[in-house]
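These notes are about the structure you will find just below.
Residue numbers (the numbering used here): 3 to 235.
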């Protein structure tokens, strides 16, 4: 229990701060600057947050094995470097992508992890404070080299505006996953498709978790459909 902070001071040397093998059980850990290597967070009140870097010279990095279990949460601000992180979310552990307005625009905010393993875990490609029907024009792309296990992904879309969160797996994806989609509800002008998940291969199964198995867009009802391409599905 309690709270742990890394790189809280605005001193430039805080960018060199480093912590390893952090264990949080029912407490709170916040990383403002520096590098955290290997972490385990557990318990319904357990949380680990990596904040959006204050400037371009104050990196915030998460790397190594990171386990989020037993209803604990991991929150990643945009700009956090997680390219060397191997994430595991298990037993209702959850990962939240918490982008702010600095990432708004025509392109998605980018998050990258080395690998992602779900074992009854959840990944929310949106901020915890995002309104259910809109993300104020902010959408996220989560990219990983490998995906395995079973769990849920929660995405926001604006089909009418051809915008939405996206999951990208460069290599193989294996396991069974549900995709829950919350759209703005604005009816699109046509029935064009939108890519939500793109994989490089593997036998993973993705099904729509929404009630009724479709997303209600007013004029249209959208379903999830797998399409084989030269580079994946």
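Here a beta-carbon is modelled for each residue, glycine too, at the ideal position from N, C-alpha and C.
Going by alpha carbons, who is nearest to residue 178 out of 33, 42, 119? Here residue 178 refers to the residue found at position 176 of the chain shown. Nearest C-alpha to residue 178: 119.
Which of helix, strand or coil DSSP assigns to residue 19: As a working mapping, residue 19 is identified with position 17 in the chain shown. Coil.
Hey, residue 116 and residue 83: beta-carbon distance below 7 Å or not? For the purposes of this step, residue 116 is identified with residue 114 of the chain shown, where counting begins at 1. For the purposes of this step, residue 83 is identified with residue 81 of the chain shown, where counting begins at 1. Result no, Cβ atoms of residue 116 and residue 83 do not sit closer than 7 Å.
Residue 166 (DSSP reduced to helix, strand or coil): Along the chain shown, one-based indexing puts residue 166 at 164. Residue state, collapsed to three classes: strand.
Just mark residue 215 as buried or exposed, buried being the case when its beta carbon has 16 or more other beta carbons within 10 Å. Numbered from 1 along the chain shown, position 213 holds the residue referred to as residue 215. That one is exposed.
Can you tell me whether residue 221 is buried or exposed? The criterion is at least 16 other CB atoms within 10 Å of its CB, across all chains shown. Within the chain shown, residue 221 is the residue found at index 219, counting from 1. With fewer than 16 Cβ atoms within 10 Å of its Cβ, residue 221 is classed as exposed.
Tell me, please, which residues DSSP counts as bridged to residue 213. Position 211 of the chain shown, counting from 1, holds the residue named residue 213. Paired residues: none, contrary to the question.
Just mark residue 20 as buried or exposed, buried being the case when its beta carbon has 16 or more other beta carbons within 10 Å. Along the chain shown, read from residue 1 onward, the residue named residue 20 stands at position 18. By the neighbour-count rule (16 or more Cβ atoms within 10 Å), residue 20 is not buried but exposed.
Should residue 163 be listed as close to the ligand COA, given that the test is whether its C-beta is under 6 Å from any heavy atom? Absence of the ligand COA from the depicted structure is noted, as is the absence of any ligand whatsoever, leaving it without description.
Which one of 45, 25, 81 has the shortest CA to CA distance from residue 111? As a first step, residue 111 must be located in the chain shown, where it is residue number 109. When each option's Cα is compared against that of residue 111, the closest is 81.
Runs of beta strand (DSSP E) wholly within the segment 17 to 58 (minimum 3 residues, chain order): 20 to 27, 30 to 33, 36 to 44, 49 to 52
Residue closest to residue 201, alpha-carbon to alpha-carbon, out of 225, 229, 182, 187: Along the chain shown, read from residue 1 onward, the residue named residue 201 stands at position 199. When each option's Cα is compared against that of residue 201, the closest is 229.
Taking Cβ positions only, does residue 195 come closer than 7 Å to chain C? Protein chains in the displayed structure number just one, and chain C is not present.
On the three-state DSSP scale, how would you describe residue 97? Position 95 of the chain shown, counting from 1, holds the residue named residue 97. In this structure, residue 97 counts as strand in the three-state DSSP scheme.
Proximity of residue 217 and residue 185 at Cβ, strictly below 7 Å: In the chain shown, residue 217 corresponds to position 215, counting from 1. In the chain shown, residue 185 corresponds to position 183, counting from 1. Going by C-beta atoms, residue 217 is nearer than 7 Å to residue 185.
From this set, 181, 161, 174, 170, which residue's C-alpha is nearest residue 193's C-alpha? For the purposes of this step, residue 193 is identified with residue 191 of the chain shown, where counting begins at 1. Of the candidates 181, 161, 174, 170, the one whose C-alpha sits nearest the C-alpha of residue 193 is 161.
Boundaries of the beta strand (DSSP E) in which residue 154 is found, first to last residue: Within the chain shown, numbered from 1, the residue matching residue 154 stands at position 152. Note, residue 154: beta strand (DSSP E), 142 to 160.
Label residue 167 either buried or exposed according to how many other C-beta atoms from any shown protein chain fall within 10 Å of its C-beta, with 16 as the threshold for buried. Counting from 1 along the chain shown, the entry for residue 167 is found at position 165. Its Cβ being crowded by 16 or more others within 10 Å, residue 167 is buried.
In the DSSP output, what is residue 120 paired with across the bridge? On the chain shown, position 118 is the one that residue 120 refers to. DSSP, once it has assigned bridges, lists 91, 151 as partnering residue 120.
Return yes when the Cβ of residue 123 is within less than 7 Å of the Cβ of residue 79, no when it is not. Within the chain shown, numbered from 1, the residue matching residue 79 stands at position 77. Within the chain shown, numbered from 1, the residue matching residue 123 stands at position 121. No, Cβ-Cβ distance for residue 79 and residue 123 is not below 7 Å.
Helix, strand or coil at residue 186 [DSSP, three-state]: Start at 1 with the first residue of the chain shown, and residue 186 comes out as number 184. Reduced to three states, the DSSP call for residue 186 is coil.
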